[in-house]
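Visitor: In case it helps, this note's numbering puts the sequence shown at residues 1 to 1089.
Before we start, here is the structure in question, set down as C-alpha cells.
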Amino acid sequence: MNNNIFNIIQWNPNGFYSKIDEIKLIINRFSPVALCIQETNFIDNKSGSLKNYVNFFKNRTNHIRASGGVATFINTQYPSEEITLVTNLEAVAVKISVKYKLTICNFYTDIQNIIDQLPTPFIILGDFNSHNILWGCNDTDQRGRIIEKILDNNNSINILNNGQATRISTSTGNLSAIDLSLSSATISPHLEWNTMPELSSSDHFPIKLTLKYTNPDEKHSRSLKWRLKNANWDTYQIEIEKNIINHSLSFSNNNDVEDTMEELSNLIYNTASNIFEQNSYSGKRPPVPWWNKTIKHAIRNKKTTFNKFKRTNDFNDFIEFKKYKALVRKSCGSDKIPFIFLQTLPSSGKFLLLRIIPIKWKNAIITPIPKNNQNSFKPTGYRPISVLCSMSKLLEKIIYNRLSWYATHHKLLSPCHHGFRKYHSTTDCHVKIETEVIETFANKQSMILISLDLQKAYDTVWRHRVINLLKNWNIHGNMLIFLTNFLSQRSFQVKIRDQRSNTFILENGVPQGSPLSIFLFQTAINNLPSIITNPAKSFIFADDTYIYIRGTQISAMIGTLQKCLNDLFEWCFKAGFIFSPQKTKCILFSNKRKLTKPKLFLGTSRLPFVEDISILGLTFDKKLSWKSHIMSLKKNSYKSLNVIKSLSHCEWGAEGTILLNVYRSLVRSKLDYGSICYGNSKSKLLNIVDTIHNAGLRCSIGAFKSSPIVSLLSLTGEPPLQYRRTILSLNYIDRILSSPENSTIHFLNKKHFSNIYEYNPKLRRPLGLRLLKEMMDINIEYNEICQRESSLIPTWQQPNYLVDTSLKEHLKKETPNTIYNNLFNELIHTSNTSTQIYTDASKTEMGIGLAVVHLNTTKQYKLNKLSSIYSAEYLALLKGVQLALDINSTKIDICSDSLSALTNLQSKTLSEPLAVSISNLLSKSNKEIRFIWTPGHCNIKGNEKADEADRNSVNSPDSEIIPFSSLVDIRRNINKYCIDLWNSQWHTTTENKLREIKHSVVLWLKYTDINRKNEVILNRLRIGHTKLTHGHLMAKTDPPLCPTCNTNYSIKHIITQCPNFNEARKDFNIPDNLYEAIRSFSNFYSEHI
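Next up, the structure:
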C-alpha cells in the first residue's frame, strides 16, 4: 500500500441500498479513504453502514418519499471529525487526517455560503445539477453561471473536472457534466480526476479523485550530464585537432566510412570526457531531463538579447541572441554529443562531418508521448517524438538552408503554401478564409469550404517520386546523390524509459524530426494546388489542405468541388498520399435559411457538413459569429488559470512578475492566437475574453475581488485586449504588405475590395478595410512600406563587396582626431582607390535628413518624422550605392559612420531588408565596392561635409523626399499610438482610487526586496480595495464606518486622515500625501491592513 496516494470516490447512485453491490465493488477495487454519496434516499435519521467505514450523513427532511440526502463514509484507519455547517442544505463536511489534514465536503444541489465555513485545504464534491461549457456541458444554465462566478471571484478555488461527462440521460442518451469537484488551489496540483462509467448502472458515473503527495523517501536519479559552465573551448579544439591527426581520420576509402564516423564520434566524446566533467543527480525532486543552471542563465540571456535586438535591430545584438539561442540547445541525440560540441569543432573536424551519411546517423530513437484523452492501449493514442543524431541534424540543417534558398530564389514553391516558410504563418490562412466569408456575406452569396487532412503525411511520401521532382527542379550532382543517400536505409527504435526495442527499417517516407524532411515533404505536395481548377481556390499549411468556392448557385458550386475532389483522389493514387475521410469535413457559410446540405464524396465516402469547423486552431462557424471559438477558448483558458491560482497564494505564492509571465505564456498566448480575426465579433462575445484576461491579472498581483478592471490593467502594465488586438492586427498587416511573395497580400490590398462597404456601413469589414482609420492616424501608407527582397547571393557564397571596420579597434575616447585622419588616409591610399563617397544621416526636431557626398556633388534627402536614424543611415548607404553604380570609377569606397549598419552588411545572414537591397544591387554590378567605417566628428573632410549636408537637408527646399517606412519604425509607432490611446482613456477615468496616485499607464518600478505577502498588500493599497474597506461588497452588508470620524473606511482615510493613527504615522514617518505614503511601504501596513 502506498502511503502517499489516497483515493476519494464521489457518486450519485440515486439510492444507497439499490446500488450497494456496486458500492462494495468500488471499495474492494480502490480502497478509498472517503466515499461521498449523494442522493442516498435514507428515511428520517436512518443511514446505511459499510464495513471498516464510519458514516457522516444528512438526510432530506419534509419529504413525502425517500429522496435526496448525502453521506460521507470515512475509512476507520484515518482519524476524522465532522465540521458543523451553518446551513439548511443537504451538506456534510468532515476533516480527515491522511498524510496531512484535509476537509472533504459532500453536498447535494447547491453551494451558497458553504465555502467560507470550510477549513483549508478542502475538497468540495457533489451533484451541483449545473450546466456550463467550462466543465464539459453543451450549454450554460443559471446554476452554471453562479458556479462560474464563484470561481471567477475566488482565486483560491480550482475546478477539477477535465471535461469528461458525469451523467447520461436515460431517456435521450445525452451526456452532461453536472457532478463537480472543487478544491483549494493549493492541493489541486496533487489531485487527479477521472470518471468510471463502466462501474455504474446509475445515470451518474462514479468519480475517482486520486490525491498524490510527494514521497519524501523516494530517490530520483538521471543519467550523466555535461558541466559546461566554465568550459575551456580553446583546449577542447586543440585536443580534438591533435587527436584527429594522431588517429589519421579520413575518408580516403569509402568502405571505412561507418568505422571512421564511429571513431570520430568516440573521439569527440572521449576528448570531451577528459576535459569536461559530468555529473549525475540523486535526490528527492524529480529532475527535469535537460535542465541545469547553465541553461537557465542561457535562456534568460536569450530572452534579454532577443528583446534588445527587437528594440535596436542592431546586427551585433542579433549575433548575441543567436549565440545564447545555440547555448540553450543542449539536448543530446543517440550519439550522446551535445550540439555545442559540434559547434566548437575545429575546421578539420567539421570537414569530416560534411562528407557522407553513416548508417548510425539514419537511426531515429522514437519516444512515445501520450495524447490527451486518447486510448493508451493503442498506438494512435501516442505522439511519436523522434530524436536523431546531433551531427546528422547539423549537416541536414546546412543542406536545408541551401535547398530553401534555391527554391525561394527560383520561385519553385507554390504561393498557396503557408507552412514552414519564412514570413508565412497560420494567420495567413485565417485571414484568407475570414476575408472570403465576409465578402461572401456582403455580396449575398454562399461559400463551401472543405478541410482535408493527409493521413500519416511524412510516412507516406514516395521517396522515388521526390527524387524525380527534385530532378525536375534541376537539382543534380552531389546534392541529389546526398539526398538519395539520406532517404535510403532509414531505421528507428522505440525507447521507453531506458529500454529500447529492436531496430526496424523505415521502408518509405521521410524521417520525422529531421530539418531536411520539411523541404522534401513540401516538394512532394508542391503541385497539389495546381489540381484545383477555377473558380475553386485552395491553400495549404503543412499536411492540411483547404478548398473553397463562392457563388450564388449551390448546385454549380457542388459540381465544381466534386470535380476537384475527384482530381485530388486521383492525384493521391499517383503521388502515394491518402486523404483521411474521417478527418475531412465540409462547412457551408451562408446567411440564407433552410438550406439543404449538399452531398460531396471523397472516393466512396460521403463527406459530413458541420455547423463549425476548426482550421489550424481557430473555429469558424457557418455564420462567422465566432461564438464557438470564444466558448472553446474560454474553456481552455480556465484550465490554464488553475495553474496560476495554484501558484498565487496571497501569503506564500510566487512573485507577481513570475505569475504575470506564467499568465502571458499559458493564457494570453491563447487569447492572442487568432484574435486578428475573432476580434471582429460582437462586443458581447469579446467581453467573455476580457473576463479571462482580467481574472489572470487579478490572480497574478493578488488584487482584491472588487478591484476595478482599469486599475488591474494600469498596475500590471497590460493594455486592454482591444488595444492589444489593434497592435497585433496592424503589425500583421504591415508584415504582409512588406512581403510581396506572400499571396495573402492580395487579401489586404484596398483595391481588392468593392465599394459595397462604403454604401452599407453596417456590413462587417474584412481585415484589409477595418483598420484604415488607425493606419491613417499613424501615417502608414501602403506604397511607402519597405519591401522585402530575396537575397540574390546564396548564404554559402561571399558577397562581391568588402566591409572594412578596422578603425573601430581604436577607441574614440582614446584616439585624437589627427590619429584618426592619418589612419583613414592610410586606409584609402593603400587600396589604390581613387573615388570616395561619403554618406551620413541625422535626426533633429524638424525631421530626419540624409546626404550623399561625392567630390563636388551633394545629394540631400529627407524622411518623415516617424522614421528612425537607423533607417536613415541604411537609406543613405543605399543612395550611396546607387550613386556608385552611376559613376565611371570601377573601385569605389563608400564611407559611413554607422557601425551597426556596416556590421550587418558584413554578415552572410542579412537581417535588415535594406541590407538585402544593397547586396542585391551590388551583386548585379562588376564594380569593386568597399564600405569603410569612418568615425564621425573627427575632422575627416568628406565625412564632415556629409554631416553638414544632412543637417541642412531637413530645411532645404531642394531636398528629395523619400516615401519610406521600415517595419521597425512602423511597429514602434503602432505601439506608441495604442499606448497613447490607453493613456487617454486612463486620464478620463474618474472615481478611481489608483488614478489619484498613478497619472499614466507606464508600469511602476518593481520592489526587489519584497515577499509575496507584502507585495499583495502593497498592490491592494495602491488599488484602494482591501478586505477591510470593500469586504462588505462580498458579504452584501453595509460599509464599515470609522468609529472616530463616522465616515466610511478607505485606504486614504486610514493612512493619511484618521486621527487614531497619528502616533503610528509619526513612528513610521508616513507622509501626508497618499502617493508618497504608499511608496514608503513598511511593515506597519502588514500589521494593520
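Positions of the beta carbon are idealized from the N, C-alpha and C atoms, including for glycine.
Could you say which of Trp361, Tyr861, Pro794, Thr726 lies nearest to Lys773 if we only look at CA atoms?
Guide: Within the sequence shown, numbered from 1, the residue matching residue 773 stands at position 773. Answer by Cα proximity: Thr726.
Visitor: Cβ of Ile848 within 7 Å of Cβ of Ala872?
Guide: As a first step, residue 848 must be located in the sequence shown, where it is residue number 848. As a first step, residue 872 must be located in the sequence shown, where it is residue number 872. Contact: yes.
Visitor: Between the alpha carbons of Trp290 and Asn468, how many angstroms are there, rounded?
Guide: In the sequence shown, the residue the question calls residue 290 occupies position 290. In the sequence shown, the residue the question calls residue 468 occupies position 468. Per-residue confidence for Trp290 stands at a pLDDT of 46, beneath the threshold of 50, marking its modelled position as unreliable; no derived number is given.
Visitor: Could you compute how far the alpha carbon of Ile578 sits from the alpha carbon of Glu741?
Guide: Along the sequence shown, one-based indexing puts residue 578 at 578. Along the sequence shown, one-based indexing puts residue 741 at 741. Spanning the two alpha carbons is a distance of roughly 30 Å.
Visitor: To the nearest angstrom, how far is the alpha carbon of Lys422 from that of Arg788?
Guide: Locating residue 422 in the sequence shown gives position 422, counting from the first residue. Locating residue 788 in the sequence shown gives position 788, counting from the first residue. Between Lys422 and Arg788, the C-alpha separation is close to 11 Å.
Visitor: Note down the Cα distance separating Ile554 from Pro535, rounded to an integer number of angstroms.
Guide: Taking the first residue of the sequence shown as position 1, residue 554 is located at position 554. Taking the first residue of the sequence shown as position 1, residue 535 is located at position 535. Cα to Cα, the separation comes out at about 13 Å.
Visitor: So within the segment 4-37, which uninterrupted beta strand (DSSP E) runs reach at least 3 residues, ignoring any that extend past its ends?
Guide: Entirely contained in the segment 4-37, the beta strand (DSSP E) runs reaching 3 residues are, in chain order, 5-11.
Visitor: Tell me Asn1048's beta-bridge partners as DSSP assigns them.
Guide: The residue given as residue 1048 occupies position 1048 in the sequence shown. Paired residues: Leu1041.
Visitor: In this structure, does DSSP put Cys786 in helix, strand or coil?
Guide: Position 786 of the sequence shown, counted from the start, is the residue given in the question as residue 786. Note: Cys786 maps to coil in three-state DSSP.
Visitor: Going by DSSP, what residues sit across from Ile929 in a beta bridge?
Guide: In the sequence shown, the residue the question calls residue 929 occupies position 929. Answer is Tyr801, Ile892.
Visitor: Any idea if Ile756 is buried or exposed, counting beta-carbon neighbours within 10 angstroms, 16 or more meaning buried?
Guide: If you number the sequence shown from 1, residue 756 lands on position 756. So Ile756 counts as exposed.
Visitor: Using the three-state DSSP reduction, which class does Lys762 fall into: helix, strand or coil?
Guide: Counted from its first residue, the sequence shown places residue 762 at position 762. In the structure shown, Lys762 sits in coil (DSSP, three-state: anything other than H, G, I, E or B).
Visitor: Using 8 Å as the Cβ pair cut-off and three pairs as the minimum, do the segment 643-662 and the segment 679-691 touch?
Guide: With a cut-off of 8 Å, the segment 679-691 and the segment 643-662 do not count as touching, because too few Cβ pairs lie within range.
Visitor: Kindly say whether Ser738, judged by its beta-carbon, lies nearer than 7 Å to any beta-carbon of chain C.
Guide: Any reference to chain C falls outside this structure, which holds one protein chain only.
Visitor: Return the CA-CA distance between Leu905 and Ile518, expressed in angstroms with no decimal places.
Guide: Within the sequence shown, numbered from 1, the residue matching residue 905 stands at position 905. Within the sequence shown, numbered from 1, the residue matching residue 518 stands at position 518. Taking the straight line joining both Cα atoms gives about 29 Å.
Visitor: Using DSSP with H/G/I as helix, E/B as strand and the rest coil, what is Cys1091?
Guide: Any question about residue 1091 goes unanswered here, given that the chain covers just 1 to 1089.
Visitor: What are the boundary residues of the beta strand (DSSP E) that Val92 is part of?
Guide: For the purposes of this step, residue 92 is taken as the residue at position 92 of the sequence shown. Looking at the DSSP string, the run of the beta strand (DSSP E) that includes Val92 is 91-97.
Visitor: With 16 as the cutoff for other CB atoms within 10 Å, does Leu1033 come out buried or exposed?
Guide: Along the sequence shown, one-based indexing puts residue 1033 at 1033. When all chains shown are included, Leu1033 counts as exposed.
Visitor: For Trp1004, which three-state DSSP category applies?
Guide: Translated into the one-based positions of the sequence shown, residue 1004 becomes position 1004. Looking at Trp1004 - three-state DSSP - the assignment turns out to be coil, as it is neither helix nor strand.
Visitor: Leaving out five residues before and five after Ile692 in sequence, what residues of the same chain have Cβ atoms less than 6 Å from its Cβ?
Guide: On the sequence shown, position 692 is the one that residue 692 refers to. Result list for Ile692: Ser637, in chain order.
Visitor: Could you give the distance in angstroms between the alpha-carbon of Asn694 and the alpha-carbon of Pro708?
Guide: In the sequence shown, the residue the question calls residue 694 occupies position 694. In the sequence shown, the residue the question calls residue 708 occupies position 708. Taking the straight line joining both Cα atoms gives about 10 Å.
Visitor: Give me whichever residues DSSP pairs with Cys572 in a beta bridge.
Guide: Residue 572 sits at position 572 when you count from the first residue of the sequence shown. Answer by DSSP bridge pairing: none, since Cys572 is not bridged.
Visitor: Three or more beta-carbon pairs under 8 Å between the segment 542-561 and the segment 448-465, yes or no?
Guide: They touch, by the three-pair rule.
Visitor: Closest to Tyr78 by C-alpha separation, out of Asp893, Lys46, Ser31, would be which residue?
Guide: Position 78 of the sequence shown, counted from the first residue, corresponds to residue 78. The candidate whose alpha carbon is nearest that of Tyr78 is Ser31.
Visitor: In terms of residue numbering, what span does the beta strand (DSSP E) encompassing Val510 cover?
Guide: On the sequence shown, position 510 is the one that residue 510 refers to. Counting along the chain, Val510 falls outside any beta strand (DSSP E), and DSSP gives it neither H nor E.
Visitor: Taking all protein chains shown into account, do 16 or more other C-beta atoms lie within 10 angstroms of the C-beta of Asn138, making it buried, or fewer, making it exposed?
Guide: Here residue 138 refers to the residue found at position 138 when the sequence shown is read from its first residue. Exposed, because fewer than 16 other Cβ atoms sit within 10 Å of the Cβ of Asn138.
Visitor: Scan the segment 183-220 and note each continuous beta strand (DSSP E) run of 3 residues or more that stays entirely inside, going in chain order.
Guide: Entirely contained in the segment 183-220, the beta strand (DSSP E) runs reaching 3 residues are, in chain order, 191-195, 207-212.
Visitor: Within the continuous alpha helix (DSSP H) that includes Glu944, where are the two ends?
Guide: Counted from its first residue, the sequence shown places residue 944 at position 944. Per DSSP, Glu944 belongs to the alpha helix (DSSP H) from 941-953.
Visitor: Under the rule that 16 or more other beta-carbon atoms within 10 Å means buried, what is Phe521, buried or exposed?
Guide: The sequence position of residue 521 within the sequence shown is 521, counting from 1. Burial call: buried.
Visitor: Assuming Leu180 contacts Phe107 (C-beta within less than 8 Å), just tell me the rounded distance between them.
Guide: Counting from 1 along the sequence shown, the entry for residue 180 is found at position 180. Counting from 1 along the sequence shown, the entry for residue 107 is found at position 107. 11 Å between Cβ atoms; not a contact.
Visitor: So Pro511 and Leu388 are in contact, right, with Cβ under 8 Å, and what is the actual spacing, rounded?
Guide: Position 511 of the sequence shown holds residue 511. Position 388 of the sequence shown holds residue 388. The pair is a contact, with the Cβ atoms about 7 Å apart (cut-off 8 Å).
Visitor: Starting from Val54, trace the beta strand (DSSP E) in both directions and tell me its first and last residue.
Guide: Residue 54 sits at position 54 when you count from the first residue of the sequence shown. Element bounds for Val54: 53-58.
Visitor: Excluding the 5 residues flanking Thr76 on each side, which residues of the same chain have their C-beta closer than 8 Å to its C-beta?
Guide: One-based indexing of the sequence shown puts residue 76 at position 76. Answer for Thr76: Asn52, Tyr53, Val54, listed in chain order.
Visitor: Pull up the distance between the alpha-carbon of Thr195 and that of Asn642, whole angstroms please.
Guide: For the purposes of this step, residue 195 is taken as residue 195 along the sequence shown, with counting starting at 1. For the purposes of this step, residue 642 is taken as residue 642 along the sequence shown, with counting starting at 1. Roughly 20 Å separates the two Cα atoms.
Visitor: Starting from the C-beta of Arg465, find all residues in its chain whose C-beta is less than 8 Å away, skip the five residues before and the five after it, and write them out in chain order.
Guide: Position 465 of the sequence shown holds residue 465. The residues are Ala524, Ala575, Gly576.
Visitor: Using DSSP with H/G/I as helix, E/B as strand and the rest coil, what is His829?
Guide: Residue numbering aside, residue 829 sits at position 829 when the sequence shown is read from its first letter. Here His829 sits in helix by DSSP.
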